[in-house]
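Engineer: 1 is the number of the first residue of the sequence shown in UniProt numbering; add one for each residue after it.
Backbone N, C-alpha and C fix where the C-beta goes; we use that ideal spot for every residue, glycine too.
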Amino acid sequence: MARDDVFFFTQNELVNELEKLIIESKKELWLFTPYINLNQRFEYALRKRIDSSNWKVKVLCRSVQEKDFALKSQKLFCELPNIEIRSNENLHAKVYVNDFDILITSMNLYSHSILHNIEFGVKIGYNNKGIIGNPIESLGEIATDTADLISRKLLGKTKIGVDPFKELPHLFRISKPEFKKENGVIIEDNLPTGKLSATKLSKKLGISKSDFDQKIKSLGLVDDKVITSKGKSAGLSMRVWKKENETSKYIVYPEDLDLDKSN
1 MARDDVFFFT QNELVNELEK LIIESKKELW LFTPYINLNQ RFEYALRKRI DSSNWKVKVL
61 CRSVQEKDFA LKSQKLFCEL PNIEIRSNEN LHAKVYVNDF DILITSMNLY SHSILHNIEF
121 GVKIGYNNKG IIGNPIESLG EIATDTADLI SRKLLGKTKI GVDPFKELPH LFRISKPEFK
181 KENGVIIEDN LPTGKLSATK LSKKLGISKS DFDQKIKSLG LVDDKVITSK GKSAGLSMRV
241 WKKENETSKY IVYPEDLDLD KSN
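(1) For A45, which of helix, strand or coil comes out of DSSP?
(2) Take F172 and list the residues in its own chain whose beta-carbon comes closer than 7 Å to its own, dropping the five residues that flank it on each side.
(3) Can you tell which of L168, L109 and F212 has the C-alpha that lies nearest to the C-alpha of S197?
(4) Quick one: complete beta strand (DSSP E) runs, 3+ long, within the region 41-116?
(5) Nearer than 7 Å: is that true of the beta carbon of F179 relative to any heavy atom of the ligand ATP?
(6) Among S210, Y110 and T105, which has the Cα closest to the Cα of T10?
(7) What whole-angstrom Cβ distance do D68 and Y35 have, given they're in contact under 8 Å?
(8) Closest to I23 by CA distance: which of V15, T33, N37 and L46 is it?
(9) Which runs of the alpha helix (DSSP H) fall wholly inside the region 187-241 and span at least 4 residues, in chain order?
(10) What separation, rounded to the nearest whole angstrom, lies between the Cα atoms of Y253 and N183?
(11) Taking 8 Å as the threshold (C-beta atoms), are L221 and L236 in contact?
(12) Excluding the 5 residues flanking G231 on each side, which residues of the same chain have their C-beta closer than 6 Å to its C-beta?
(13) For E17, name the three-state secondary structure that DSSP assigns.
(14) What span of residues does the beta strand (DSSP E) with P254 cover, start to end?
(15) Going by the DSSP bridge assignment, what does P169 pair with across the sheet?
(16) DSSP state of N37, grouped into three classes?
(17) With the cut-off set at 8 Å, would you say residue 265 and I114 are in Cβ contact?
(18) With DSSP collapsed to three states, give me the class of I124.
(19) Answer with buried or exposed for N90, where buried requires no fewer than 16 other C-beta atoms within 10 angstroms of its C-beta.
(20) Between residue 264 and E19, how many whole angstroms is the CB-CB distance? I'm expecting something under 8 Å.
(21) Taking the DSSP output, what are the residues bridged to D5?
(22) What's the call for P238, buried or exposed, on a 16-neighbour Cβ count within 10 Å?
(23) I'd like the list of long-range same chain contacts for L31, defined as Cβ closer than 6 Å, with 5 residues on each side in sequence excluded.
(24) Let me make sure I understand the geometry here. Which of P177, S175, D51 and F8 has the alpha-carbon closest to that of V122?
(25) Quick one, which of S25, L80 and N12 has its alpha-carbon nearest M107's?
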């Protein structure tokens, strides 16, 4: 695999490169960063690809609590048709990978870091073919080449003691699954998205599930298990749960839904 070179970036140039890495990814994008709170530029970069049905995104973060992963950013990622989010509380590395480039940096995908911190990053480019054919295998395969390239270009050495990518694919696999969506179908959802099932919301409101269902129907939010236009305006949405060969659909409701003000 032919390599272009190693490039060093800081501050605005680094932000430009990460934005470019997102926009120019063809088939897959990997984002490994402890903290996520997307600024407008990164939001725009993701939204440009939001209708790309063959584009897959994998995110590894420290946690999906709002202090680590902004709820607004979670919702944007969840709009993507093919997305997998995992968490690992020990994550400290910041590594961003698309089909052709790897960006190793000190910068989180976090607005405060981008605006206020002094950040550095190193990009390794490949010019003949994409890095990610099957990322789980490919990242491991290029690890030795990449480590050697960094050591030769930046350190003046021919060998390096630690392989910076050796554990990357394995780390993603062993980290906690939080959200997975394939071809628009939600397979796993453990995110604090601000929406609850009827069972959970009725329990929170202190009423029975049957009374809740009757109230929702009388308000015109749902008709025969179908969300009405009024229900959509109130924030109701359909969630699909897929496990092995079974697929089921259910309605989720804003956890702050006020049944007395929905008339």
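Structural biologist: If we stick to the structure as given:
(1) helix
(2) K58, L60 and R86
(3) F212
(4) 56-61, 83-87, 95-97 and 101-105
(5) Among the components of this structure there are no ligands whatsoever, and the ligand ATP is therefore not found.
(6) T105
(7) 5 Å
(8) L46
(9) 198-205, 209-218 and 229-233
(10) 23 Å
(11) yes
(12) L221 and V222
(13) helix
(14) E246 to P254
(15) P169 pairs with nothing; no bridge assigned.
(16) strand
(17) Because residue 265 is not part of the residues shown, which for the chain are 1 to 263, the question remains open.
(18) strand
(19) exposed
(20) Within the shown structure, residues of the chain are numbered from 1 to 263, placing residue 264 beyond reach of any answer.
(21) G125
(22) Just to set this straight, residue 238 is Met in the shown sequence, not Pro. When all chains shown are included, M238 counts as exposed.
(23) V59 and Y96
(24) F8
(25) N12
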